[in-house]
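Participant: In short: position in the sequence shown from 1, add 116, done, that's our numbering. Please read through the structure below; I'll follow up with questions.
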Amino acid sequence: MKTTIRRYDLDWLRVIVFALLIFYHVGMFFVPWGWHVKNNQIYDWLRWPMMFLNQWRLPVLFVISGMGTYYALGKRTLGKFMWERFLRLGIPLVAGMILIVPPQVYFERLAEGQFSGSYWTYFTSVAFDGVYPEGNLSWHHLWFLPYLLAFSWILAPLFVYLRNHQTLFIEWVKRLIQKTWGIYAFVIPLYFVESLVEPFFPVTHALVDDWFNFIFSIILFFYGFILIATGDVFWQALTKVKSKAIILGIIGFASQAFIWLFLEDGYVVHFTEAFLKVVNIWSWILVLFAYASEYLNKPSKGLAYSNRAVYPFYILHQTVTVGIAYYVRDLDWGLAPKALVLVIGTFGISWLIYDLIILRIPILHPLFGLKAKKKNM
117 MKTTIRRYDL
127 DWLRVIVFAL
137 LIFYHVGMFF
147 VPWGWHVKNN
157 QIYDWLRWPM
167 MFLNQWRLPV
177 LFVISGMGTY
187 YALGKRTLGK
197 FMWERFLRLG
207 IPLVAGMILI
217 VPPQVYFERL
227 AEGQFSGSYW
237 TYFTSVAFDG
247 VYPEGNLSWH
257 HLWFLPYLLA
267 FSWILAPLFV
277 YLRNHQTLFI
287 EWVKRLIQKT
297 WGIYAFVIPL
307 YFVESLVEPF
317 FPVTHALVDD
327 WFNFIFSIIL
337 FFYGFILIAT
347 GDVFWQALTK
357 VKSKAIILGI
367 IGFASQAFIW
377 LFLEDGYVVH
387 FTEAFLKVVN
397 IWSWILVLFA
407 YASEYLNKPS
417 KGLAYSNRAV
427 YPFYILHQTV
437 TVGIAYYVRD
447 LDWGLAPKAL
457 VLVIGTFGIS
467 WLIYDLIILR
477 IPILHPLFGL
487 KAKKKNM
């Protein structure tokens, strides 16, 4: 049976999680971890909310993307779907690497004393020399796009088959998630990848050598498709498990924090921490879907605008954040004023570019993944 009913809660979740990404990247300016431009004062305590957010923010987006793929394949053939994915992901990626990302690398090189001069001089001389970090060519925060494109192309034939046939596999998944803890069986593959692959392949976002991140994320993408394919069974299962998921999520993150603070690494600690991490990730994903389904599954004009704007905002935002960060990093302002300037500035400037430039120049729409608006008949 082909599902065509729009899930507004998924649209809301997508908008909310991408908005959180802006707050997360603003936070990267202030925490001890490496980032493109750093503040003159680092706030160690800020890493705790950042670590909490970091564990599930991208996994939930891959699940949502898998769910969106289910709906997209209901209206397209395999060939049309794969071409549409290229237009929506490949073209904005290339455009972003040429037009949007270079200013980030420029500000980073200025901050580190590796380049001096105007942006025009940088752009026309060394902007595309070599591959980052040794060189300057990079996709930076746009790494999500090539991964999503690869996942879509790899899994599309399987997805088309599963969508168009009544399979024993989907029926088995339906029976599984109707059991009390059945939906937590999804953590098992994630656990094996987290515990056995992650130690050997640190996250690079380089696609070709990023095996842990690639495998972990494609599993989540696959999960999104499969869960939507079960129809109402998944949404009914969420109502039964949401309270348990909150408790498990709190326990999972708190237990990880205990390990980070008080225990030394070792085999037992590693395999325990891996289990706690995947349970934590999956629990918060379920919580987000459960409460979004309950409270956000309704249309609004604000959602319609935001849902269209979210992709251009994602492409633009980090360049705006890094640019502002470069000019405020040495000011003696404290955390709150700088964070406020960065958040308001990032949202505000991204909105101005989107609303006053991108929306009004149709030739720019494909570069930012915007579909043509449907005309009312």
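For each residue, glycine too, the CB sits at the ideal point set by N, CA and C.
Using 10 angstroms around the beta-carbon of R476, count the other beta-carbons present and answer buried if the total reaches 16, otherwise exposed.
Facilitator: Answer is exposed; the Cβ neighbour count stays below 16.
Participant: Take Y339 and list the residues in its own chain whose beta-carbon comes closer than 8 Å to its own, dropping the five residues that flank it on each side.
Facilitator: If we look at Y339 and ignore the five residues flanking it on each side, its Cβ neighbours are V179, G182 and F302.
Participant: F275 to G418, Cα distance in whole Å?
Facilitator: Roughly 32 Å between the two C-alpha positions.
Participant: Check the C-beta distance from F146 over to N155 and give it rounded, since I have them as a contact under 8 Å.
Facilitator: Correct: roughly 5 Å between the Cβ atoms.
Participant: Going by DSSP in three states, V247 sits in which element: helix, strand or coil?
Facilitator: In this structure, V247 counts as strand in the three-state DSSP scheme.
Participant: Which word fits H281, buried or exposed, when buried means at least 16 other C-beta atoms lie within 10 angstroms of its C-beta?
Facilitator: H281 comes out exposed.
Participant: I need the DSSP call for N492, collapsed to helix, strand or coil.
Facilitator: Here the model assigns N492 a pLDDT of 49, short of 50, so the residue's position is not dependable, and the following value carries that caveat. Three-state result, N492: coil.
Participant: Would you please state the rounded distance, in angstroms, between the beta carbons of L539 and L404? I believe it to be under 8 Å.
Facilitator: Outside the displayed span of the chain (117 to 493) sits residue 539, for which this structure offers no information.
Participant: Which residues in the same chain as E314 place their Cβ atom closer than 6 Å to its Cβ, once the five residues preceding and following it in sequence are excluded?
Facilitator: Counting only Cβ-Cβ distances below 6 Å, and skipping sequence neighbours, we find F328.
Participant: Under 8 Å by Cβ, that's how I've got A345 and R279 pegged, so tell me the actual separation to the nearest angstrom.
Facilitator: Their Cβ separation, rounded to whole angstroms, is 7 Å, which keeps A345 and R279 in contact under 8 Å.
Participant: To which residues does DSSP link L253 through a beta bridge?
Facilitator: Partner(s): V247.
Participant: Is A373 helix, strand or coil by DSSP?
Facilitator: Helix, per DSSP.
Participant: Where does K487 sit, in a helix, a strand or coil, going by DSSP?
Facilitator: Residue state, collapsed to three classes: coil.
Participant: DSSP three-state call for D125: helix, strand or coil?
Facilitator: Residue state, collapsed to three classes: helix.
Participant: Pull up the distance between the alpha-carbon of L209 and that of F378, whole angstroms please.
Facilitator: The straight-line gap from Cα to Cα measures roughly 42 Å.
Participant: Are the stretch 230-237 and the stretch 452-459 touching, with three or more C-beta to C-beta distances below 8 Å?
Facilitator: Cβ pair count under 8 Å is below three, so no.
Participant: Terminal residues of the continuous alpha helix (DSSP H) containing Y443?
Facilitator: Y443 -> alpha helix (DSSP H) spans K417 to V444.
Participant: In the DSSP assignment, the alpha helix (DSSP H) including E314 goes from what residue to what residue?
Facilitator: First-last for E314: undefined, no H or E at that position.
Participant: Could you check which residue in F197, S359, M198 and L261 has the C-alpha nearest to that of A211?
Facilitator: With distances taken between Cα atoms, A211 lies closest to L261.
Participant: Is it the case that the Cβ atoms of V426 and F139 are separated by a distance below 8 Å?
Facilitator: No, Cβ-Cβ distance for V426 and F139 is not below 8 Å.
Participant: Given this structure, state the Cα-to-Cα distance separating L336 from A406, to the nearest angstrom.
Facilitator: Cα-Cα distance, rounded: 17 Å.
Participant: Buried or exposed: A243, going by 16 or more other Cβ atoms within 10 Å of its Cβ?
Facilitator: Buried, because 16 or more other Cβ atoms sit within 10 Å of the Cβ of A243.
Participant: Under 8 Å, do L392 and G368 count as touching if we go by C-beta distance?
Facilitator: Taking 8 Å as the Cβ cut-off, L392 and G368 qualify as a contacting pair.
Participant: Drop a sphere of 10 angstroms on the beta-carbon of Y466, count the other beta-carbons inside from all chains shown, and report buried for 16 or more, exposed for fewer.
Facilitator: The displayed chain sequence assigns Ser, not Tyr, to residue 466. Buried.
Participant: With 16 other CB atoms within 10 Å as the buried threshold, where does I363 fall?
Facilitator: With fewer than 16 Cβ atoms within 10 Å of its Cβ, I363 is classed as exposed.
Participant: Please classify Y159: does DSSP put it in a helix, a strand, or coil?
Facilitator: Residue state, collapsed to three classes: coil.
Participant: With distances taken between CB atoms, is the gap from F197 to A272 smaller than 8 Å?
Facilitator: Closer than 8 Å, so yes.
Participant: To which residues of the same chain is Q434 closer than 6 Å at the C-beta, ignoring the five residues directly before and after it?
Facilitator: Closer than 6 Å at Cβ, skipping near neighbours: H141 and H257.
Participant: Quick one: using the 10 Å Cβ neighbour count with 16 as the cut-off for buried, is P148 buried or exposed?
Facilitator: Per the 10 Å Cβ criterion, exposed.
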